[in-house]
Amino acid sequence: MPSDSSSTNVPFKDWFGASRYHRIAEKLAGAEPRFDRELFLRIALEGLAERELMARLRQTSVAADAALPGSFSDKVAVLRKIAAPESNSFVGIWYADFVGQYGTNHTKKALAALRYFTRFGSAEFAIREFILQDPEFTLAEMIRWSTDQNEHVRRLASEGSRPRLPWGKQLGSLVADPRPTREILDNLCEDESLYVRKSVANHLNDISKDHPDYVLEVVNSWDQRNPHVAWITKHALRTLIKKADPATLDFMGFGHPPKLAAVTLSLHPPQVRLGDHLTLSLEILSRGSTAQSLLIDYVVHYVKASGGTSRKVFKWKEIMLGSKSSLTLKKRQLIRDFSTRKHYAGSHQVDIQIN
Numbered sequence: 371m372p373s374d375s376s377s378t379n380v381p382f383k384d385w386f387g388a389s390r391y392h393r394i395a396e397k398l399a400g401a402e403p404r405f406d407r408e409l410f411l412r413i414a415l416e417g418l419a420e421r422e423l424m425a426r427l428r429q430t431s432v433a434a435d436a437a438l439p440g441s442f443s444d445k446v447a448v449l450r451k452i453a454a455p456e457s458n459s460f461v462g463i464w465y466a467d468f469v470g471q472y473g474t475n476h477t478k479k480a481l482a483a484l485r486y487f488t489r490f491g492s493a494e495f496a497i498r499e500f501i502l503q504d505p506e507f508t509l510a511e512m513i514r515w516s517t518d519q520n521e522h523v524r525r526l527a528s529e530g531s532r533p534r535l536p537w538g539k540q541l542g543s544l545v546a547d548p549r550p551t552r553e554i555l556d557n558l559c560e561d562e563s564l565y566v567r568k569s570v571a572n573h574l575n576d577i578s579k580d581h582p583d584y585v586l587e588v589v590n591s592w593d594q595r596n597p598h599v600a601w602i603t604k605h606a607l608r609t610l611i612k613k614a615d616p617a618t619l620d621f622m623g624f625g626h627p628p629k630l631a632a633v634t635l636s637l638h639p640p641q642v643r644l645g646d647h648l649t650l651s652l653e654i655l656s657r658g659s660t661a662q663s664l665l666i667d668y669v670v671h672y673v674k675a676s677g678g679t680s681r682k683v684f685k686w687k688e689i690m691l692g693s694k695s696s697l698t699l700k701k702r703q704l705i706r707d708f709s710t711r712k713h714y715a716g717s718h719q720v721d722i723q724i725n
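For the sequence shown, position 35 (counting from the first letter as 1) is numbered 405 according to the numbering used here, and the numbering increases by one without interruption.
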């Protein structure tokens with residue numbers, strides 16, 4: 371999700387607050403004299419406190435549809451007049467959301483609008499309405515977008531067709547068979563834009579959860595000598611690497627069993643509280659007669675509320691360890707709760723995973 375550097379301490383949902391709606395109403399009124407400002411604000415602000423971020427985003431579209439006169443095309447024309455870059459790019463998503471909600475009976479016009487609006491706030495969520503409704507036509511258009519001059523449009527081609535996009539509707543047909551997006555990924559694998567390459571890597575990582583062999587087939591067909599391709603490949607395979615998938619480790623050059631004389635892990639302090647730092651110290655001694663590539667991760671077995679444990683792999687180091695040489699690594703990890711992980715009291719185990 372896009373971050374808003376100007377609103378670091380503001381709850382996400384307040385990106386769409388009363389002041390934001392008043393500014394949107396002012397812009398719409400300036401672009402369309404028949405715009406019903408009072409109706410827009412009444413619909414947008416009613417029940418505002420109870421709505422979270424995505425519901426507020428959607429309510430913006432609902433209010434605009436009710437308060438703007440004319441057809442879908444007329445309303446989109448007004449939105450085109452007011453669309454502009456925002457300090458918080460997430461706010462600009464509402465233009466695309468409007469198209470996704472009210473343009474499904476006007477596919478050609480709607481896709482053209484999404485191609486335009488994605489420059490101001492990603493249309494990655496809205497485009498999924500059209501993939502679900504008419505996948506063949508929509509994906510053909512997205513293949514064309516993958517060669518567009520604008521990086522936002524190229525990124526939309528990949529991000530919008532991700533099978534398992536977080537916060538977005540899952541594309542069941544592409545989860546089952548990811549091949550229809552292959553041409554998009556091939557077109558973007560050497561893209562100069564990091565913004566685009568991150569999306570391609572995430573797209574492939576989505577697919578790897580269901581079709582690991584297919585993902586390896588795709589990246590193996592690309593020119594790994596290209597640094598952009600190599601970057602995408604490394605990040606695309608991250609889930610398979612964490613799972614220690616044998617074929618993936620072999621592809622990345624870590625398929626051989628490591629030849630190590632000793633692996634010693636120490637933890638300090640032995641007991642921690644929330645807010646403390648845990649220091650991990652690792653010593654490795656090679657017994658190999660030649661240098662060897664090592665992929666070093668550490669695994670924390672977190673205690674769950676039920677008393678069982680949940681395993682999480684953390685990346686640590688990729689290194690070439692010389693013959694008969696030693697290596698010392700240190701890492702500090704802050705012990706704190708996240709929205710996705712809560713800590714529970716108990717004995718937590720930490721393991722080292724090498725290749």
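Here a beta-carbon is modelled for each residue, glycine too, at the ideal position from N, C-alpha and C.
Thinking just about the alpha-carbon of each residue, which of the options is nearest to the one in residue i?
i    : options                : result
P639 : V669, V633, S457, S651 : S651
D721 : Y714, S680, D576, L697 : S680
A617 : Y672, E587, W601       : E587
L648 : A388, L704, H713       : L704
R407 : N458, E420, L438, P381 : L438
P533 : R549, L427, K451, V642 : R549
R404 : E422, V589, E416, D435 : D435
V570 : G538, A546, L607, S543 : L607
A661 : P582, L637, H671, S696 : S696
G623 : S636, L637, T634, T603 : T603
T634 : L691, F621, P627, L655 : L655
G542 : A510, I577, E688, A614 : I577
V585 : D615, R595, F386       : D615
Note down, in chain order, each residue of its chain lying with its Cβ closer than 7 angstroms to the Cβ of residue i, except the 5 sequence neighbours on either side.
i    : result
V599 : C559, E560, W592, D593
L449 : Y465, F468
R485 : W515, V523
M362 : No answer is possible for residue 362: the residues shown for the chain start at 371 and end at 725.
D707 : L644, H713
Quick check on DSSP: helix, strand or coil for residue i?
i    : result
Q703 : strand
F487 : helix
R532 : coil
R390 : helix
L544 : helix
F405 : coil
Y472 : helix
F624 : coil
Y465 : helix
Mind checking which residues open and close the beta strand (DSSP E) that includes residue i?
i    : result
M690 : 679 to 691
T634 : 630 to 638
T649 : 647 to 656
Would you give the residue range spanned by the alpha helix (DSSP H) that residue i belongs to?
i    : result
Y584 : 582 to 591
S578 : 564 to 578
V446 : 442 to 452
Going along the chain, which residues of its own chain have a beta-carbon closer than 8 angstroms to the beta-carbon of residue i, five neighbours each way excluded?
i    : result
H476 : F442, S443
L619 : I611, G625, L665, N725
G400 : I452
T474 : A480, E499, F500, Q503
A333 : The requested residue 333 is not part of the displayed model; the chain covers only 371 to 725.
Excluding the five sequence neighbours on either side, which residues of its own chain have a C-beta within less than 6 angstroms of the C-beta of residue i, listed in chain order?
i    : result
T551 : S531
W686 : I666, D667, Y668
V380 : none
Y565 : E521, R525
T609 : N575, S578
Any beta carbon from chain B within less than 9 angstroms of residue i's own beta carbon?
i    : result
E587 : The structure shown contains no chain B; it is built from a single protein chain.
* **Three or more C-beta pairs below 8 angstroms linking the stretch 420 to 436 and the stretch 450 to 458** => Verdict: no, contact absent.
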